[in-house]
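The structure appears right after this line, and notes come after that.
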Amino acid sequence: MTAISTNPVVSVLDKCKSLCELRQIHAQMIKTNLLNHQFTVSRLIAFCSLSGVSGGLDYASSVFSRIQHPNSFIFFALIKGFSDTSNPVESLILYARMLSCLNYSSGVEFSIPSVLKACGKLLAFDEGRQVHGQVLKTHLWFDPFVGNSMVRMYIDFGEIELARRVFDRMPNRDVVSWNSMIAGYLKAGEIELASELFDEMPERDLVSCNAMIDGYGKCGRCELAEKVFETMSDKDVVTWTSMISAYVQNRCPMKALDLFREMLSLGLRPDGPAIVSVLSAIADLGFVEEGKWLHAYVSMNKIELSSGFIGSALIDMYSKCGYIENAYHVFRSISHRRNIGDWNSMISGLAIHGLAREALDIFVEMERMDIEPNEITFLGLLSTCSHGGLVEEGQFYFESMHEKYKIVPRIQHYGCMIDLFGRAGRLEDALGVIQNMPFEADLLAWKAILSASMKHGHIEIGKSAALRAIELAPDDSSSYVLLSNIYAKAGRWDDVAKIRLMMRQRGVKKIAGCSSMLVNGKVHEFLLGKELDSSYSGQVLAKIAEVVSRLKLQGYEPDLTQVLLDIEDEGKESLLNLHSEKMAIAFGLIHINKSAPIHIVKNLRVCCDCHCFMKLVSKVYNRQIIMRDQNRFHHFENGCCSCNEYW
DNA sequence: CTAGGGTTAG
């Protein structure tokens, strides 16, 4: 026996890295008659199915099928191997076969956790309950591994109460039991129950804390995530990434980036997920320099663009920073093993730059290469069409989505269709979508109608859409603002005043407009009404006044309907001059070299007045301006803008 | 054998 276990052929198995090498070892085993020994065979099968060598699992089953009396270890290796795949039905079949040919005391129980895992993945409720029943009749009930697997299985089923019942009755709970139960509650959105358990548990480890940070972040409770983060003495990359992505998801990209820098300064090396989450923060901020640095870091550390979401995140980052050529270059350089996310990011990236045709071309290329699109691909495509005014194409893709690709449209897809018709001025069709869709219209649906009414001057439709939107989100200032814009456009100043009063009474705060730009490696931020970097402010205000008077000679008329205060026109005009994007433009005219474009990132939608202002600046001052508001780009050149959304 | 982090849309 010792001779076999130290046999050189067996020990070389551990070093094997590919199917080809595996075949040679297997051949050697046949030649030396080693395959007649159960132990050697079980090592071979265990290695094939558990090592992660591609094709290994199939190889293991073919070796397995030639064994006459497999023992429980051989069964286990294969059951475990299949339970780690996405369709582990084979695990259940093998388990049933094992029970029929082996007796219960021969090591059958080692397979139970894997079988439970398979049941969970397959949502095989009945089979899962049968295994549960077997467990109850045996001593396995006392094994925390088995109990933990059962908790996990019921969580996979979505049966959170059943999971809790198993948890409560487990005789030997360990940290993993608590962590699994907490993860289950977080997945089910039961944040209160999760934090209750977190507070109660006898000893927490890294995993428990990291899970809570992530959970708090996902439900919008950044302060609670921070509290856990601060109390931890040992933090690993996962801890930092969880906190960074909590900031990203709650729209605090600057905090996310600061935290990432702190992590670097402590000497921690970011891995794939850490880089992906901070790239999303950088995209939000438009800090292309940081993005380029990370891109170089990825190349230097030989992190594959096709591994995980690195490629998609880089494409997204470059697109949102205005560097669509770099995005395209990254996309092309991932020629083999391109992820669906890479395609999706490329399509949306082109779309936010107003390159609708190019975005649709990418989709055509995808179809040609037989890449299966997913529902996000269609969200990208439909929003491409709606922003590009391609109504017929949009309708075509919406239909092919469920006819050709069997993807059931979700409410967001209907939202895109509402937007598609609305932007094109087909309000009737847009309202028709709302009436016929199998969902109750949500906030985004009504906001799409509201913006369309604003754009095309439908006061009554706009009013009722605004009331619905306000009903659904009473604290969201944007619906109030849009409605009052509609009234202002129609000259109904009494109604404008009513809206303002309503906002004041309900304590709805308008989000301050903020523009930022990168000049000489430094970020400058401008807030409505005041410039943060006050040493420049006198100069900036003087420049705005100069530009305005020069533009007026070219026909610029300040659009006073954009100011919602009921004050004298003169006061309105000076308020208009304090809009953050005008300050940024003035600053750019002073400090940016004439040959370089002026890059601006704005947090909210640009108003009509500023949009018109920029068009004229691009012509009169012969400057190229690139502005991103929320996630759309406006390229201004020679009096024209790439977007067709303003009139 | 069981537990934790990531992109694309809006």
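1 is the number of the first residue of the first sequence in UniProt numbering; add one for each residue after it.
For each residue, glycine too, the CB sits at the ideal point set by N, CA and C.
Item: Which runs of the alpha helix (DSSP H), 4 residues or longer, sit entirely within the UniProt domain "DYW" (555-647)?; Value: 569-576, 580-591 and 608-620
Item: Helix, strand or coil: which one does DSSP assign to residue 522?; Value: strand
Item: For the alpha helix (DSSP H) containing residue 440, name the first residue and the last one.; Value: It is not in any alpha helix (DSSP H) - residue 440 carries neither H nor E in the DSSP assignment.
Item: At which residue ranges does the stretch 398-464 contain complete alpha helix (DSSP H) runs of 4 or more residues, listed in the order of the chain?; Value: 411-423, 427-436 and 443-456
Item: When the Cα of residue 582 is compared with those of 541, 174 and 121, which residue comes out closest?; Value: 541
Item: Taking residue 213 as the reference, which of 243, 232 and 155 has the closest Cα?; Value: 243
Item: Check whether the Cβ atoms of residue 64 and residue 93 lie closer than 7 Å to each other.; Value: no
Item: Do you know offhand how far residue 283's Cα is from residue 331's?; Value: 16 Å
Item: Return the first residue and the last residue of the alpha helix (DSSP H) that residue 374 is part of.; Value: It is not in any alpha helix (DSSP H) - residue 374 carries neither H nor E in the DSSP assignment.
Item: Run through the stretch 90-132 for me and flag every whole beta strand (DSSP E) of 3 or more residues, listed as ranges in chain order.; Value: none
Item: Mapping the DSSP letters down to three states, classify residue 311 as helix, strand or coil.; Value: helix
Item: What is the DSSP secondary structure of residue 219, counted as helix, strand or coil?; Value: coil
Item: Please report the distance separating the alpha-carbon of residue 396 from that of residue 378.; Value: 11 Å
Item: In the DSSP assignment, what residue or residues form a beta bridge with residue 514?; Value: 527
Item: Which of the three DSSP states is assigned to residue 188 in this structure?; Value: coil
Item: Ordered along the chain, which non-local residues of its own chain (more than five positions away) have a Cβ less than 8 Å from that of residue 445?; Value: 411, 414, 415, 418 and 434
Item: Give the secondary structure of residue 21 by DSSP, where H, G and I count as helix, E and B as strand, and everything else as coil.; Value: helix
Item: Would you mind listing the alpha helix (DSSP H) stretches within the stretch 31-68 that are 4+ residues and don't spill past its ends, in chain order?; Value: 38-50 and 56-64
Item: Within 10 angstroms of the Cβ of residue 113, are there 16 or more other Cβ atoms? Answer buried if so, exposed if not.; Value: buried
Item: Three or more C-beta pairs under 8 Å: does that hold for the stretch 559-572 against the stretch 583-591?; Value: no
Item: Report buried or exposed for residue 342, applying the criterion of at least 16 other Cβ atoms within 10 angstroms of its Cβ.; Value: buried
Item: With DSSP collapsed to three states, give me the class of residue 385.; Value: helix
Item: Can you find the residues in the same chain that come closer than 6 Å, C-beta to C-beta, to residue 515, ignoring five residues on each side of it along the sequence?; Value: 526, 580, 581, 584, 600 and 602
Item: Assign residue 20 to buried or exposed, taking buried as 16 or more other Cβ atoms, counted over all protein chains shown, within 10 Å of its Cβ.; Value: exposed
Item: Using C-beta distances below 6 Å, list every residue in its chain close to residue 226, excluding the 5 sequence neighbours before and after it, in chain order.; Value: none
Item: Span of the alpha helix (DSSP H) holding residue 73?; Value: 72-83
Item: Alpha helix (DSSP H) containing residue 154: first to last residue?; Value: 144-157
Item: Return the chain-ordered list of same chain residues with a C-beta closer than 7 Å to the C-beta of residue 358, the five sequence neighbours on each side being excluded.; Value: 350
Item: Taking Cβ positions, are residue 450 and residue 462 nearer each other than 7 Å?; Value: yes
Item: By how many angstroms is the C-alpha of residue 241 removed from the C-alpha of residue 303?; Value: 17 Å
Item: By the three-class DSSP mapping on this structure, what secondary structure does residue 262 have?; Value: helix
Item: Report the option in 559, 318, 306 and 233 whose CA atom is closest to the CA atom of residue 279.; Value: 318
Item: Rounded to whole angstroms, what's the CA-CA distance from residue 38 to residue 348? Just pull it up for me.; Value: 56 Å
Item: Residue 643: which of 611, 206, 618 and 143 sits nearest, CA to CA?; Value: 611
Item: What's the call for residue 366, buried or exposed, on a 16-neighbour Cβ count within 10 Å?; Value: buried
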